[in-house]
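So the sequences go chain by chain: A and B. Each residue of the first sequence is one higher than the last, beginning at 1060 in this note's numbering. Each residue of the second sequence is one higher than the last, beginning at 1060 in this note's numbering. Encoded as structure tokens, the structure appears first; notes follow it.
2 protein chains.
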Amino acid sequence: MTSEFNIINKYLSPLSAPEVGAFGLTDDAAVINPTNNKSLILTKDAIVEDVHFLAGTSPENIAHRLIGSNLSDISAMGAKPTYYMIAAFLNNSVDEAWIKEFTETLAKYNQKYNISLIGGDTVKTNNSLSFSLTMFGEIEKNNELRRNGAQDGDAIFVSGTIGDAALGLKSLIGEITTTESSKIFLENRYYIPQPRISLGNKLLGIATSAIDISDGLLADLGHICECSNLGANIYKDKIPLSNQTNELSLKNSELFEIIATGGDDYELLFTVRKDDESYINQLSQELDLRLTKIGKMTTKTNKVTLFDKRNDEINFSKQGYIHKI
Amino acid sequence: MTSEFNIINKYLSPLSAPEVGAFGLTDDAAVINPTNNKSLILTKDAIVEDVHFLAGTSPENIAHRLIGSNLSDISAMGAKPTYYMIAAFLNNSVDEAWIKEFTETLAKYNQKYNISLIGGDTVKTNNSLSFSLTMFGEIEKNNELRRNGAQDGDAIFVSGTIGDAALGLKSLIGEITTTESSKIFLENRYYIPQPRISLGNKLLGIATSAIDISDGLLADLGHICECSNLGANIYKDKIPLSNQTNELSLKNSELFEIIATGGDDYELLFTVRKDDESYINQLSQELDLRLTKIGKMTTKTNKVTLFDKRNDEINFSKQGYIHKI
Chain A
1060 MTSEFNIINK YLSPLSAPEV GAFGLTDDAA VINPTNNKSL ILTKDAIVED VHFLAGTSPE
1120 NIAHRLIGSN LSDISAMGAK PTYYMIAAFL NNSVDEAWIK EFTETLAKYN QKYNISLIGG
1180 DTVKTNNSLS FSLTMFGEIE KNNELRRNGA QDGDAIFVSG TIGDAALGLK SLIGEITTTE
1240 SSKIFLENRY YIPQPRISLG NKLLGIATSA IDISDGLLAD LGHICECSNL GANIYKDKIP
1300 LSNQTNELSL KNSELFEIIA TGGDDYELLF TVRKDDESYI NQLSQELDLR LTKIGKMTTK
1360 TNKVTLFDKR NDEINFSKQG YIHKI
Chain B
1060 MTSEFNIINK YLSPLSAPEV GAFGLTDDAA VINPTNNKSL ILTKDAIVED VHFLAGTSPE
1120 NIAHRLIGSN LSDISAMGAK PTYYMIAAFL NNSVDEAWIK EFTETLAKYN QKYNISLIGG
1180 DTVKTNNSLS FSLTMFGEIE KNNELRRNGA QDGDAIFVSG TIGDAALGLK SLIGEITTTE
1240 SSKIFLENRY YIPQPRISLG NKLLGIATSA IDISDGLLAD LGHICECSNL GANIYKDKIP
1300 LSNQTNELSL KNSELFEIIA TGGDDYELLF TVRKDDESYI NQLSQELDLR LTKIGKMTTK
1360 TNKVTLFDKR NDEINFSKQG YIHKI
């Protein structure tokens, strides 16, 4: 056994505690006992240097994006995360300090969400850094949130604020400049998704559809429209912006397209019946999380229409890059 | 949605049938209802062009290796495979014909093993082709085969023949030459693992330990020794060789080191109590599969000792490359 793999074992094996069925990652496979009568929720996202994160991104921030984006998928189903497996395609840029920082960040998620690493594979390559994570969650049977349940007239809500991550990326690649504090805020919003696990869980039995915003607000609302066979009308002025994003948007109105289509928000977009709108407002207070109504579902099929202050339709060149299978 | 992703959806979505919880791969995650009171077996292997397969390998053979190596891990626990998820890191060399051939091969495994694709992610990169597959299996609770249960005096068995895949790789890279029919046999043994699912299943309650041979016979027996805190004595003349491998080995005695340490055999290596040896011989007939006793476990800790015809110890420079975490 080379020292390289001893290092990986040293840092990865502890992440499998307390799940005894992971056997400290020593066997061919892990053995898990799912809770009887619960459904298992499974998602798998892959991220690649220079595609999903910039070359030179710290191991801490790579870990945040890798695990945060997958937890966000779990939140969109309303489930509770349980386990994860990682395939790591590493290269010569990775040393022991890198692995230490990467796994220390994973350990924080283990603690925060009560999850554990139950297996994976590590390969040394000459490629740019690539990772695939499989995340497991649990939920009561037949209870999960789906994309296809929205009804005509349902209110459309989003959590948190939109566009920060897309502007954070623009700042990182030097395409926009702002104050030092805004820069830090926006870049952290890009690097460190805030998966809305508690919100997703509270929406069970309430939301008629839900999705997490990874491809961009318009594209992901488009997915709900396609799956529900409906259209959606939303209003530019209702889209919740952070102070930092609002300030940049006021200075340069062209940034609004990036805000609405840039993606990587990892906020939840969901629909509820008109009668449940007041519950969502209560929930916002309970969770101390902005939940904003941005429009409603319509019968006009499969199309998202965005209106400005004067009720004129806004058209963009694109509705976000779709990279999911 | 770009045409590229329509192509992927066209070929990947059908692989999710009949699992309705995969939602035709349209949602953020899949929803699976595990069988009550069964354990879930989970494994994840990653493969990379130029590391695990040669550049220019056909999409059919990449699919064989990807899914076969993961099924082999499931067989080593004695479980029945159920679902899988794939992360595919593609590049410009992949066109529609490539995806068609790749997915047609996966479809054959779906049918043969009654498994289905329940999710994944596809990323276009500038890297060499890379894949990660997460395979799921089911088994009665507390029944799985492990690496750590071997006892002093247990007989050590292997399935099939050893070394064919390692010599197949040598043939592919032009380091050995042989007859055309031998070449085809050995190269297919490298490309197309034969996961021993039925054997693994039949060994439940019988084998005291089991592992699939991916790192090489000596290395993987070493894993059983470490996990069981025992040693092992095995005999060169007992190691089962195909006619093709035997012929090459007789011509060049140095090839034996490659046979015993080269790996990629994807045969099962397992231990049974002395009393169960006759059952294994019956099982060999029942499954029409060679099952050969190659030695026995000893109290000499953590060391695999290989003996020649004259009972002299054989020492190699290495015991196989260990790439698992």
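We put the CB at the ideal spot given by N, CA and C, even for glycine.
Legend entry - Proximal chain A residues relative to B/Leu1099, where beta-carbon distance stays under 8 Å: Val1090, Ile1091, Asn1092, Pro1093, Leu1099
Inset, instruction - Please report how far the alpha carbon of A/Met1194 lies from the alpha carbon of A/Asp1132, in whole angstroms. - result: 9 Å
Legend entry - Local conformation of A/Tyr1172 per DSSP, three classes: helix
Inset, instruction - To the nearest angstrom, report how far apart B/Phe1375 and A/Glu1246 are at their CA atoms. - result: Near 53 Å, if we compare the C-alpha coordinates of A/Glu1246 and B/Phe1375.
Inset, instruction - Express the C-alpha separation of A/Ser1301 and A/Leu1258 in angstroms, rounding to a whole number. - result: 19 Å
Inset, instruction - Can you tell me which of B/Leu1226, B/Lys1097, B/Val1110 puts its alpha carbon nearest to the alpha carbon of A/Thr1184? - result: Of the candidates B/Leu1226, B/Lys1097, B/Val1110, B/Val1110 places its Cα closest to the Cα of A/Thr1184.
Inset, instruction - Step through the CB atoms of chain A and report whether any lies within less than 8 Å of the CB of B/Met1356. - result: It does not: the Cβ of B/Met1356 has no partner Cβ on chain A nearer than 8 Å.
Legend entry - In DSSP terms, what A/Lys1183 is bridged to: A/Leu1149
Legend entry - Alpha-carbon spacing of A/Ile1256 relative to A/Ser1128, whole angstroms: 12 Å
Legend entry - Any chain B beta carbon closer than 8 Å to A/Ile1177: Flagged as an interface residue toward chain B: A/Ile1177, by a C-beta distance shorter than 8 Å.
Inset, instruction - Kindly list, in the order they appear in chain B, the residues whose Cβ is closer than 9 Å to that of A/Phe1112. - result: In chain order: nothing, as chain B lies at least about 12 Å away.
Legend entry - Per-residue DSSP class, three states only, for A/Thr1320: helix
Legend entry - Rounded separation between A/Gly1196 and B/Thr1236 - CA only: 51 Å
Inset, instruction - Provide the residue(s) that pair with B/Tyr1142 in DSSP beta bridges, ordered along the chain. - result: B/Ser1175
Legend entry - For B/Asn1068, the nearest candidate out of B/Val1090, B/Leu1176, B/Gln1344 (CA to CA): B/Leu1176
Inset, instruction - Kindly indicate the opening and closing residues of the alpha helix (DSSP H) around A/Asp1223. - result: 1223 to 1231
Inset, instruction - Using alpha carbons as the reference points, say which of A/Thr1181, A/Asn1201, A/Ala1114, A/Pro1140 lies closest to A/Leu1263. - result: A/Asn1201
Legend entry - Contact set for B/Leu1231: own chain, Cβ-Cβ below 8 Å, skip 5 residues either direction: Leu1113, Glu1246, Tyr1249
Legend entry - Residues bridged to B/Leu1350 [DSSP beta-bridge criterion]: Residue pairing by DSSP places B/Leu1350 opposite B/Ser1218 in a beta bridge.
Legend entry - Residues that A/Ser1230 contacts on chain B, provided the C-beta gap is smaller than 9 Å: Simply none; closest approach about 24 Å.
Inset, instruction - Please decide whether A/Ile1174 counts as near chain B, where near means a Cβ-Cβ distance under 8 Å. - result: no
Legend entry - Buried or exposed (CB count within 10 angstroms, at least 16 for buried), A/Lys1229: buried
Inset, instruction - State the DSSP-derived secondary structure class of B/Gly1137, mapped to helix, strand or coil. - result: coil
Inset, instruction - List the residues of chain B that A/Asp1104 touches, going by C-beta distances under 7 Å, in chain order. - result: Asp1180, listed in chain order.
Legend entry - Start-end ranges of the alpha helix (DSSP H) lying completely within the region 1234 to 1300 of chain A, minimum 4 residues: Segments of the alpha helix (DSSP H) lying fully in the region 1234 to 1300 of chain A: 1239 to 1250, 1256 to 1261, 1276 to 1287.
Inset, instruction - Have a look at A/Asp1335, A/Gly1354, A/Leu1130, A/Ile1318 and flag the residue whose alpha-carbon is nearest the alpha-carbon of A/Ala1225. - result: Taking only the C-alpha atoms, the option nearest A/Ala1225 is A/Ile1318.
Inset, instruction - Would you mind giving the Cβ-Cβ distance between B/Glu1345 and B/Val1217, rounded to the nearest angstrom? I have them listed as a contact below 8 Å. - result: No, B/Glu1345 and B/Val1217 are not in contact; Cβ-Cβ is about 17 Å, not under 8 Å.
Inset, instruction - Under 8 Å between beta-carbons, which chain A residues line up against B/Ser1287? List them in chain order, please. - result: Going along chain A, no residue has its Cβ under 8 Å from B/Ser1287, so there is no contact; the nearest lies around 11 Å.
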